[in-house]
Each structure stands twice: as C-alpha cells, then as structure tokens.
Amino acid sequence: MKKLCVFCGARSGNRPAYRTAAQAFGTALVHAKWDLVYGGGRVGLMGEVAQAALDAGGYVTGIIPGFLHSREAVHPGLQVCHTVGDLFERKSMMLEISDAFVALPGGVGTYDELLEVIAWRQLRQLNKPIGLLNVDNFFAPWLGALAHAATEGFIAQAEIDGLLVAATPEELLAKLVQSTP
Ligand code: AMP
0 MKKLCVFCGA RSGNRPAYRT AAQAFGTALV HAKWDLVYGG GRVGLMGEVA
50 QAALDAGGYV TGIIPGFLHS REAVHPGLQV CHTVGDLFER KSMMLEISDA
100 FVALPGGVGT YDELLEVIAW RQLRQLNKPI GLLNVDNFFA PWLGALAHAA
150 TEGFIAQAEI DGLLVAATPE ELLAKLVQST P
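See the structure below:
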C-alpha cells in the first residue's frame, strides 16, 4: 500500500465545510487504497482525517514530536505512532516514508509543511506528487501569491503547474493516481 501524507490544520476552521471535507477525504483515501501518514494528533482537521480513515478500516501512521503529545492529543487508535524529537524530524520522516502529499486547509504549520515539500521538489530532492484539497477555494489567495511570484520571475511556472489542485476528494485522489508511478 502506498502512503499518503496529509498536512492540515490542528484547528477546525470557522466553517463546517472544512470539517466535512476532512472527514470525506479520510474516508475516500482509504477507499482509494492509500495508507495515511499525518501528524498524529486528535485535534482539528488532523483528528478528523485520521478518525475517518480509521473508521473506514484504514492503516494510519502518526508522527508527532514528544512536546506535542498533550497539546495535540496523540490519537490513541493509530496502528503506528512515531514519537520524534522535534518538528524537523517529523517533517523529515514524513518526507522519507510517504509516496505523495496532500494539504487540506490549515494554518502556519500546514503551509510550512506544504512549502517544504514544494521547495524540495523544486530542487529535485523529492519526486513525489503534491496536491491541494481546495475546499471552498481556501487555497485561492495562497495560489495567487505563488502566481504573483511566478509573474515576477521568482518561481518557474512549471512548479506551480505541477501542483495537483481539486475541489473534491475523489477528483484529487484520481489526479494523484495518474501522477504516482
Ligand atoms: P497548523 O496548520 O498551524 O494548525 O499546524 C498543523 C500541524 O503542523 C500541527 O501539528 C503543527 O504542530 C505542525 N507544525 C507547525 N509547524 C511545523 C513545522 N515547522 N514542521 C512540522 N510541523 C509543523
């Protein structure tokens, strides 16, 4: 089974659509035969994706730094949970063991992880698909910022074109299958 790493908020956002989409994505990725890799917590959209994947019979790996065990409430039902030393180790293990990456709506942590995989791929240190579940166009302003940087000559347009963007879990998972070797 291939491993899909999901980056998303440790909060749930202000609108129910975010939580609903996170649950739908957790279920859909299991049906599409992916194992889930994520931050290991029970809070926010992270917890929703993991719980939905577990409820659908999926195999879920959490990776969480020890200092976040109580703050992000380690999910007790995971098949595997790696405790790591810090956020750098978390990211590096996620990048190492996962076959593809998807971001759902989130905050600074989500953007940090997403930009890291994009940066690695741009430097050819990573050759794995990267997708965005664009729930209610959440990522539009951020994609606009990337497009601006491309227009101004700081990012190759091909890097942006290489991102898989879809509004629904099914559409995004179909795009991932097409671009996973
Ligand atoms: P957020 O999107 O800010 O709600 O954060 C989502 C997840 O990313 C949480 O589990 C944060 O602990 C985590 N996070 C925040 N910063 C980093 C980082 N630099 N590296 C890895 N994970 C991070």
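In numbering that gives the first Met the number 0, the protein residues as written are 0 to 180.
Note that beta-carbon positions come from the ideal geometry of N, C-alpha and C, so glycine has one too.
In chain order, what residues of the same chain have a beta carbon less than 7 Å from the beta carbon of Thr109, not counting five sequence neighbours either side?
-> Phe6, Cys7, Gly8, Ala102
Phe153, buried or exposed, once every other Cβ within 10 Å from all chains shown has been counted against 16 | exposed
Hey, how far is the Cα of Phe66 from the Cα of Gly38?
-> 13 Å
At which residue ranges does the segment 83-124 contain complete alpha helix (DSSP H) runs of 4 or more residues, listed in the order of the chain?
-> 86-96, 107-121
Looking at Ala52 and Glu169, is the spacing between their C-beta atoms short of 8 Å?
-> no
How many angstroms separate the CA atom of Gln177 from the CA atom of Gly105?
-> 26 Å
Range of the contiguous alpha helix (DSSP H) that encloses Val73 | Counting along the chain, Val73 falls outside any alpha helix (DSSP H), and DSSP gives it neither H nor E.
Below 8 Å between beta carbons: does that hold for Gln35 and Gly56?
-> Inspection of the sequence shows that residue 35 is occupied by Leu rather than by Gln. Going by C-beta atoms, Leu35 is not nearer than 8 Å to Gly56.
Using a Cβ-Cβ cut-off of 7 Å (strictly less than) and excluding sequence neighbours within five positions of Glu115, which residues of its own chain qualify?
-> Lys90
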